[in-house]
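> Keeping their order, the protein sequence lines are chains A and B.
Using the numbering used here, the letters of the first sequence map in sequence onto residues 877 to 1165.
Using the numbering used here, the letters of the second sequence map in sequence onto residues -5 to 439.
Beta carbons are placed, not taken as given, at the ideal position from N, Cα and C, and that holds for glycine.
Just so it is clear, the structure is predicted and the values come from calculations on it, not from any experiment.
What follows is a single structure, and I will ask about it in a moment.
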Amino acid sequence: MTRARSIKKFLKFAGLPLAIFIIVLVVPFVNGFYYSFTDWDGFKTTKLVGFTNYTESFADPRFWSTLKFTALFVVVSLVLVNAVAFGLALIVTSKLRSKNLLRTFFFVPNLIGGVILGVIWQFIFNSALVAIAEKYDWEPFKESWLQDTNKAFWALIIVTIWQSSGYMMIVYITGLISIEKDLIEASEIDGASPLRALFSIKIPLMAQAFTIALFLTLRSGFMAYDVNVALTGGGPFRTTELISLHIFEDAFAEGDFGTGQAKAVIMFLVVALAALVQVTISKRYEVQR
Amino acid sequence: MKKSMKLGALALASTLSLSLIAVATPSASANTCPRKATVTMLGTIKPEIQDQFLAAVADYNKSQNCYTVKSVPGDRKLTFLQNVTPMYAAKNAPTIMYTLQEIPDMADKVLDLKLTPLARLVSKSLLASGNVNGRQVGVPSTAEAFGLLYNKKVLDKAGVDPSKIATRADLEAAFKKIEAAGKKPLHFSAIWWSLGAHFTNIFHTNVGKTKEARLAGLDALVAGKANLADNATFKNWVATMDLLKKYNAGKVNLTDTEYDASIANLAGGDFGFMFQGNWTEPNLITASKGDDFGLMPLPISNNAKDYGNDSIPVGVPGYFMIDAQQSTKWQQKGALDFLTWLYTSPAGQKRVAGPVEEGGMNFIPVYKGFKIEPKTYMAKEISKFASAGKTLDWMNSYYPAGLQEEVGKVSMQQYFTDKISAADLAKAIEAAWKGKPKTWRGEAA
């Protein structure tokens, strides 16, 4: 096969997806990178300004506080979403009779868009829980959780778990059912307790599923935006502002498109680095079969 | 290759000829339009009277053959600039835009409306905020007022006469009377835009008796030379906020859902007062099925004769602008035709100033030649203040973009929930203003 023919063959199958990939991902990305070095005001650019936008971003205390808040959010949501998702996966792969129904039940919140979910939960935290708490004298819910800086953080976490653990559960189910049955049976015959079988057989053999699920939650944690906007709007007092919302507000509300774009580039580097580290570490635990 | 070039040339030629037709057609008199132009407007005037505005649009579309006006919904959670910037970037700018604080940001992208019939029907003072460097970039929609709204029935029952309340002490006495009558004195909302734009305006507008003195107050803030903590007006203003906080019987809620709750409380007849503006009137009337709501000044000192204690802030909540960059001449003409129809034709005026129950927007007219006047109690009260000259400036129309968010979402809400002291609040407001462009002195936004 000549070189030209193989290129032609490649383009036949991959040409369209490749073109779409370049148009909707590569071009805007390169464009955004370029904008971060200009005085772009959202409408036009007049000149290149070098690293000014970057130095201004680093000098902005709000950028650092949202970055710190985002890191905390990523770590906590990463651990809790995966713990809950793995637990759910264990439940629905057990010998439970209602397991098929439960599978659907746990997955449904993932089908609801983040904004709608945020609005629903805003009502739950602001009105429903407060009304119930008042009737039954239920102290922790008497004041809306969205009013308090710390509780608003946990509200965000709860809604995130609610939304994404069903999806991660599917990943873990795939991992769990890919384990050969005879290995589990052999461990039973050897007298391993269910807990021992879980830690010594199941988890090591499905390490790949952990790599994927952890990567997905890490990425969605850093990128979280819609639930943040709809649930807390960054409040109270802008203390629950995740980095995506901050970048958006910086660019659109205050008209600092240059620094907003620079922050987005910094954010990209942070996420890329975090994902790279996580995948490298997770890969080490994967068992080659 | 050749084929596609031919196609491209053909397309180019046909668009050229079409635009030639558009230019050559004299004016858009009825029935003589070569084709209908679609005029888009970003959002409506405001969510409270969205249905009524869309009904007016439908009336207009039925009334003529040349244009179709279409409202394209924006995202209400976002600001005007957040909505409009991506539309401009996508070369899909709306023809009609409606905003207030972002006017300076948009000034170079929109038509000068100085010579239009509409601009000639409005007084100079009301055109002012839509004038940027001598260009009339926007025309006003209506006049609005804010202050203490009250439920007349509740006040009557408690024996409170709002016209007799002239000082902060009088106000506290009124709150006590309402409590004694078994009702709740007021619902003071922590909605960020109410605190950030309207409540802060009460301070900025009471700073001086003349426009120049008030603008000098903003100048000092921008220069970082204002010492708010030692400013007598600021102290009085904070004391008034403390009073409202003390008698607030509504549940503190920092999210936007708060708005509906406060409306329901005042409309329901359990509460006497709330701090808002006449834009809530359609909701109040709809919710209570009655027309018993009035508006009075918020007194900020204990001397009845002090400037501002007997007046309410009256201003234009927004201006219409017509895009000059991405809309065709045809669309621009249609936009102007629609706005002119809305404020000068009998059918349009009925929609603008007619009662909400009959599909009107209950607007207070700002254009000359209105045959219809709003008839609600609150509208009449506001007219009384306006005709007696007891009006205060809307200094909030000068706030730089992003400032009312910064102040309203952070420092004002923090002070509202007792997280910071009055001295911290003073510092936070000073910090938010420092170094901002003085758009009121013609500086670019």
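Buried or exposed, going by whether 16 or more other CB atoms sit within 10 Å of the CB of Gly348/B?
Gly348/B is classed as buried because its beta carbon has at least 16 other beta carbons within 10 Å across all chains shown.
> Could you work out which residue in Leu892/A, Val1035/A, Val1155/A, Ile1049/A is closest to Phe1091/A when comparing CA atoms only?
Val1155/A
> Put Thr280/B into one of helix, strand or coil per three-state DSSP.
helix
> Out of Glu1061/A, Val1163/A, Gly891/A, Ser970/A, state which residue places its alpha-carbon closest to the alpha-carbon of Thr1087/A.
Val1163/A
> Please classify Glu437/B as buried or exposed, where buried requires at least 16 neighbouring CB atoms within 10 angstroms.
Exposed.
> Which chain B residues are close to Pro1112/A, counting only those with a beta carbon under 7 Å from its beta carbon?
Those are Leu248, Gln407, listed as they occur along chain B.
> With a CB to CB cut of under 6 Å and the five nearest residues on each side skipped, what residues in its chain are close to Ser21/B?
With a pLDDT of only 42 at Ser21/B, under 50, the local geometry of the prediction cannot be trusted, and the value read off the model is given with reservation. Counting only Cβ-Cβ distances below 6 Å, and skipping sequence neighbours, we find nothing.
> Along the chain, where does the beta strand (DSSP E) containing Val951/A start, and where does it finish?
Unbroken run through Val951/A is the alpha helix (DSSP H), 937 to 968; no beta strand (DSSP E).
> Enumerate, from N- to C-terminal direction, the unbroken alpha helix (DSSP H) stretches of 4 or more residues contained entirely within the region 393 to 436 of chain B.
397 to 400, 407 to 410, 416 to 427
> Could you tell me which chain A residues have their CB closer than 8 Å to the CB of Gly396/B, listed as they occur along the chain?
Proximity of chain A to Gly396/B at the Cβ level (cut-off 8 Å) is accounted for by Ala1129, Glu1130, Gly1131, in chain order.
> Considering only DSSP beta bridges, list what Val1035/A is partnered with.
According to DSSP, Val1035/A bridges with nothing at all.
> Mind pulling the chain A residues with CB within less than 8 Å of Thr73/B?
Phe1128, Ala1129
> Got a sec: is the Cβ-Cβ distance from Glu399/B to anything in chain A below 8 Å?
By the rule that beta-carbons nearer than 8 Å mark a contact, Glu399/B touches chain A.
> Please confirm whether Met(-5)/B has its beta-carbon closer than 8 Å to some beta-carbon of chain A.
Reliability of the predicted coordinates at Met(-5)/B is poor, the pLDDT of 37 falling under 50, and the value obtained from them is presented with this limitation in mind. No, because no Cβ of chain A sits closer than 8 Å to the Cβ of Met(-5)/B.
> Closer than 8 Å is the cut-off here; do at least three beta carbon pairs connect the region 967 to 976 of chain A with the region 1023 to 1043 of chain A?
Because the criterion of three Cβ pairs below 8 Å is not met, the region 967 to 976 of chain A and the region 1023 to 1043 of chain A do not touch.
> Helix, strand or coil for Pro134/B? Go by DSSP, reduced to three states.
It is a strand residue.
> Run the CB neighbour count on Asn356/B, radius 10 Å, all protein chains shown included, and call it buried at 16 or more, exposed below.
buried
> Please list the partners that Gly918/A has in chain B, where partner means a Cβ-to-Cβ separation under 8 Å.
Leu75, Thr79, Tyr82, Ala83
> Taking the alpha carbon of Pro1112/A as the point to measure from, which residue in Ala1031/A, Pro1080/A, Thr1036/A, Met1045/A has its own alpha carbon closest?
Ala1031/A
> Suppose contacts are defined by Cβ-Cβ distances below 8 Å. Is Phe410/B in contact with Lys239/B by that definition?
yes
> Which whole-angstrom value describes the C-beta separation of Thr32/B and Lys56/B, a residue pair presumed to lie in contact below a C-beta threshold of 8 Å?
With a Cβ gap of about 15 Å, Thr32/B and Lys56/B do not count as contacting.
> Name the DSSP beta bridge partners of Met35/B, please?
Met35/B has Ser65/B, Ile90/B as its beta-bridge partners, per DSSP.
> Which residue comes first and which comes last in the beta strand (DSSP E) that contains Gly990/A?
Not the beta strand (DSSP E): Gly990/A falls in the alpha helix (DSSP H), residues 990 to 999.
> Is the shortest distance between the beta-carbon of Asp164/B and the beta-carbons of chain A less than 8 Å?
no
> Using a Cβ cut-off of 8 Å, which residues of the region 994 to 1014 of chain A contact any Cβ in chain B, in chain order?
Gln998, Phe999, Asn1002, Ser1003, Val1006
> Could you tell me whether any Cβ in chain A is nearer than 8 Å to the Cβ of Ser23/B?
Here Ser23/B scores only 46 on pLDDT, less than 50, and its place in the model is too uncertain to base an answer on.
> Quick one: residues in its chain with C-beta nearer than 7 Å to the C-beta of Ala380/B, no 5 flanking neighbours on either side, listed in chain order?
Val308
> Spell out whether any CB of chain B is found under 8 Å from the CB atom of Ala895/A.
no
> Determine the closest residue to Met1143/A out of Arg881/A, Gly908/A, Ile1077/A, with distance taken between C-alpha atoms.
Gly908/A
> At least one CB of chain A closer than 8 Å to the CB of Thr93/B: is that the case?
In terms of beta-carbon proximity, Thr93/B stays away from the interface with chain A, with every pair separated by 8 Å or more.
> Report yes or no: do three or more beta-carbon pairs, one from the region 385 to 395 of chain B and one from the region 218 to 231 of chain B, lie closer than 8 Å?
With a cut-off of 8 Å, the region 218 to 231 of chain B and the region 385 to 395 of chain B do not count as touching, because too few Cβ pairs lie within range.
> Are any of the Cβ atoms in chain A nearer than 8 Å to that of Thr440/B?
The displayed coordinates of chain B run from -5 to 439. Any statement about residue 440/B would go beyond what the structure contains.
> Between Leu149/B and Ile294/B, what straight-line distance do the alpha-carbon atoms span, to the nearest angstrom?
20 Å
> Compare the Cα-Cα distances from Leu94/B to each of Ala84/B, Val126/B, Ile196/B and report the closest residue.
Val126/B
> Cα separation between Glu206/B and Thr73/B?
29 Å
> Determine whether the Cβ of Val404/B lies closer than 8 Å to any Cβ atom of chain A.
yes
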